[in-house]
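Notes follow once the structure below has been shown.
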Amino acid sequence: MHPTEKQQQVTPSFGTITEEAVDLAQKHLHDILTMAIEHAPPRAAVVVADTRCDLAVALTEAYRRCLPTARFIDFDAVAPDEVLTVFAGLEPGDLVVLVQSTNFRLEAFRLRVELFKRSLKVIEHPHLSRMPGAQADYYIASLAYDPAYYRGVGYALKARIDRAQGGVVDSGGERLVFAAPFEPAKLNIGDYSEMNNVGGQFPIGEVFTESQDLEAVNGRVRIFVFGDTTFRVNRPEQPITLVVAKGRVVEAIGSTPDFDQVLEKIRTDEGEVWLRELGFGMNRAFSRERMVDDIGTYERMCGIHLSLGAKHGVYSKPNIRRTTARYHIDVFAVTEAVYLDDELVYRDGAWLPG
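Heads up: the sequence shown begins at 10 in this note's numbering, then just goes up one per residue.
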């Protein structure tokens, strides 16, 4: 039986993304909207989206099902001023959703920052075109919101980090040692009750910190992925071993030309390669086997990620000037085990309860 012309017009097409995957996205987004963002009528909602990739079209359809009274705007079909006018008509506590194949630009208007200044709730999905095919399914899976897991494990990790006097990342025969207390850990777990702003970039799932004394970080760590100069995941054939002395990367054993280029850029502009962020990724949809190309999305992967370069917008250090710090390059550790003080907190691909 062939569909009628009318049926062909109203049946949405998501390219390589199945209807079942869109149904799953609808479920996950409903949970995000109700449990994390706590959006409900009569609050207004505006969804700004494009149609440049299958994942953007699929997520937009899922939001249509979740937000039947929202206003939907095709970013490519209207003038930027029209979008800004719609934003201007919203009240504090209303919701803006940004579904972006790339990253929307509205002249000098920094979208999420300006929307937060207006006390609007924001859900941002950027760089969706970087995740085609099977990666789109991984992305949809990563939107699952389990508050018991994220909040339970997230707050437990923060408590452990904040009281620890040090820690170790074991990356399979190599140990990176943090021999000083950590900065107060920050949470990205979908609980905004104690925060100034509600929302942010999705998917979520991370607790992050860094050593209070950057020079107290020494040892070696094996990395299996790094963010390259195009902000995409770059996976060398074999893990690269970073040698860290007094908080700086001094050698990269088994490096590749692409990673050498990253290190050279940092050294040219900053003089040396600092190791700063210690990120505890929590999103169980991503692993060493289940990867997406967008580095900002893959950053939530369940395991340890670190940052190279002097830049970190959250923590200030007296020996690093923000005006000259330019780079924050994510690298992902082969994570066999993680210890805070002498307590094992990660093993076999999962954070341990406690």
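Each residue gets a CB set at the ideal place from its N, CA and C atoms; glycine is no exception.
Which residue from 40, 56, 304 and 202 puts its Cα closest to that of residue 113?
In the sequence shown, counting from the first residue as 1, residue 113 sits at position 104. Out of 40, 56, 304 and 202, 56 has the C-alpha closest to the C-alpha of residue 113.
Is residue 291 helix, strand or coil by DSSP?
In the sequence shown, counting from the first residue as 1, residue 291 sits at position 282. Coil at residue 291, not helix or strand.
Between the Cα of residue 139 and those of 207, 261, 171 and 242, spot the shortest distance and give me the residue it belongs to.
One-based indexing of the sequence shown puts residue 139 at position 130. Looking only at 207, 261, 171 and 242, the smallest Cα-Cα distance to residue 139 is reached by 242.
Pairwise C-alpha distance: residue 108 and residue 81
The sequence position of residue 81 within the sequence shown is 72, counting from 1. The sequence position of residue 108 within the sequence shown is 99, counting from 1. Distance between residue 81 and residue 108, taken at the CA atoms: about 11 Å.
Under 8 Å, with one C-beta from each stretch per pair, do the region 96–103 and the region 121–141 reach the 3-pair mark?
yes
If you follow the alpha helix (DSSP H) that residue 218 is in, where does it begin and where does it stop?
Position 209 of the sequence shown, counting from 1, holds the residue named residue 218. Not the alpha helix (DSSP H): residue 218 falls in the beta strand (DSSP E), residues 215–218.
Three-state class that DSSP yields for residue 43 in the structure shown:
Counting from one through the sequence shown, the residue named residue 43 turns up at place 34. In this structure, residue 43 counts as helix in the three-state DSSP scheme.
Are residue 151 and residue 297 closer than 8 Å when you measure CB to CB?
Along the sequence shown, read from residue 1 onward, the residue named residue 151 stands at position 142. Along the sequence shown, read from residue 1 onward, the residue named residue 297 stands at position 288. Taking C-beta atoms as the reference points, residue 151 and residue 297 fail to come closer than 8 Å.
Helix, strand or coil at residue 155 according to DSSP, with G and I counted as helix:
Numbered from 1 along the sequence shown, position 146 holds the residue referred to as residue 155. If DSSP states are grouped into helix, strand and coil, residue 155 belongs with coil.
List the endpoints of the continuous alpha helix (DSSP H) containing residue 379.
As shown, the chain starts at 10 and ends at 363. That puts residue 379 outside it, with no answer to give.
What are the start and end residues of each continuous beta strand (DSSP E) run of 3 or more residues lying completely inside the region 49–80, in chain order?
54–58
Residue 138 in three-state terms, based on DSSP
If you number the sequence shown from 1, residue 138 lands on position 129. The answer is helix: DSSP assigns residue 138 an H, G or I state.
Candidates 184, 24 and 76: which alpha carbon is nearest residue 62's?
Within the sequence shown, residue 62 is the residue found at index 53, counting from 1. The option with the nearest alpha carbon to residue 62 is 24.
Closest to residue 30 by C-alpha separation, out of 45, 43 and 66, would be which residue?
By 1-based counting over the sequence shown, the position of residue 30 is 21. Selected option, being the one with the closest Cα: 66.
Does the pairing of the region 166–186 with the region 340–354 give three or more beta-carbon distances under 8 Å?
yes
Just how far apart, CA to CA, sit residue 27 and residue 293?
As a working note, residue 27 is residue 18 in the sequence shown. As a working note, residue 293 is residue 284 in the sequence shown. Their backbone Cα atoms lie some 22 Å apart in a straight line.
Which of helix, strand or coil does DSSP assign to residue 88?
The residue labelled residue 88 in the question sits at position 79 within the sequence shown. Note: residue 88 maps to coil in three-state DSSP.
Leaving out five residues before and five after residue 45 in sequence, what residues of the same chain have Cβ atoms less than 7 Å from its Cβ?
The residue given as residue 45 occupies position 36 in the sequence shown. Counting only Cβ-Cβ distances below 7 Å, and skipping sequence neighbours, we find 154 and 199.
State the Cα-Cα distance for the pair residue 332 and residue 32, rounded to the nearest angstrom.
Within the sequence shown, residue 332 is the residue found at index 323, counting from 1. Within the sequence shown, residue 32 is the residue found at index 23, counting from 1. Distance between the alpha carbons of residue 332 and residue 32: 46 Å.
Cβ pair residue 170, residue 239 closer than 8 Å
For the purposes of this step, residue 170 is identified with residue 161 of the sequence shown, where counting begins at 1. For the purposes of this step, residue 239 is identified with residue 230 of the sequence shown, where counting begins at 1. Taking 8 Å as the Cβ cut-off, residue 170 and residue 239 do not qualify as a contacting pair.
Residue burial classification, residue 270 (beta-carbon count within 10 angstroms, cutoff 16)
Along the sequence shown, one-based indexing puts residue 270 at 261. Exposed.
Select from 233, 90, 228 and 343 the residue whose C-alpha is nearest the C-alpha of residue 264.
Mapped onto the sequence shown, residue 264 falls at position 255. That would be 233, whose Cα lies nearest to the Cα of residue 264.
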